[in-house]
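Worksheet for the structure shown next.
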Amino acid sequence: MASDIKTIVSKRSPYVPLAPITADKPEIFRSLEAALGSPFSTEPISPPPKPLIIVISGPSGVGKDAVIKKLRGVREGIHFVVTATSRAMRPGEVEGIDYYFVSKEHYIEIYTWEFCRFIFLVAENETALVERLVERKTETTETLLVRISTARQEVKHVKDFDYVVVNAEGKLDNAVKLVESIIDAEKAKVNQRNVRI
Numbered sequence: 002m003a004s005d006i007k008t009i010v011s012k013r014s015p016y017v018p019l020a021p022i023t024a025d026k027p028e029i030f031r032s033l034e035a036a037l038g039s040p041f042s043t044e045p046i047s048p049p050p051k052p053l054i055i056v057i058s059g060p061s062g063v064g065k066d067a068v069i070k071k072l073r074g075v076r077e078g079i080h081f082v083v084t085a086t087s088r089a090m091r092p093g094e095v096e097g098i099d100y101y102f103v104s105k106e107h108y109i110e111i112y113t114w115e116f117c118r119f120i121f122l123v124a125e126n127e128t129a130l131v132e133r134l135v136e137r138k139t140e141t142t143e144t145l146l147v148r149i150s151t152a153r154q155e156v157k158h159v160k161d162f163d164y165v166v167v168n169a170e171g172k173l174d175n176a177v178k179l180v181e182s183i184i185d186a187e188k189a190k191v192n193q194r195n196v197r198i
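Each residue of the sequence shown is one higher than the one before, counting from 2 in the working numbering.
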């Protein structure tokens, strides 16, 4: 780096006098630009961020809808799409409005998309997750068993995700702030992924 600076400085014309550092800013700028042989650029140094696809996934009852709803209210410039799920359609739900209902095979295929960032949302522990499922009062004992069993299987795949976010009971704002931090970090990366839609 220092050798690059020396190279640039050594190429300046020896006949261009530099303004004293005590001069006013416009005069200093003019003399520096003259010495460098070109004006200073006002173009942004960093490239504009590329579109980013974030997939938020996690066990049933972990608060995915709550996090997304809150994120909609606090984050501008984000476009939300209808969620995809591999579960069966519930009474009153409409395909393409409430969810896209897809096969488990297609759902798994989504996770091979290299241009997405995957966030796995979890409760603070299994007991907290079961309490949420029970408090929803939308499940029978049999479906609760299925959901808990499925959650145990899903948690085994946490290492396949890019990020994990804990949505602790009563701390929704913290989970949303962490998701926002992930978005900001991904947008600030020098080598951003190219999104294919």
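Even for Gly, the Cβ is constructed at its ideal location relative to N, Cα and C. Bear in mind that the values here come from a model prediction, so they are computed numbers and not experimental data.
In this chain, the beta strand (DSSP E) harbouring I54 covers 54–58.
Under the three-state reduction of DSSP output, I184 falls in the helix class. Here A35 carries a helix assignment [DSSP, helix/strand/coil].
Beyond the five residues adjoining it in sequence on each side, A85 comes within less than 6 Å, by CB distance, of Y101, V103 in the same chain, given in chain order.
Here the alpha carbons of P50 and Y108 stand approximately 28 Å from one another. Beta-bridge pairing by DSSP links T86 to F102. At the C-beta level, P60 and T142 stay beyond 8 Å of one another. Across the set A67, R76, L19, the C-alpha of R76 shows the shortest separation from the C-alpha of D185. Contact between C117 and I54 holds, with the beta-carbon distance rounding to 5 Å and staying under 8 Å.
Here R118 is bridged, per DSSP, to I55. Judged by beta-carbon spacing, V167 lies beyond the 8 Å limit of V180, meaning their Cβ atoms are not closer than that value.
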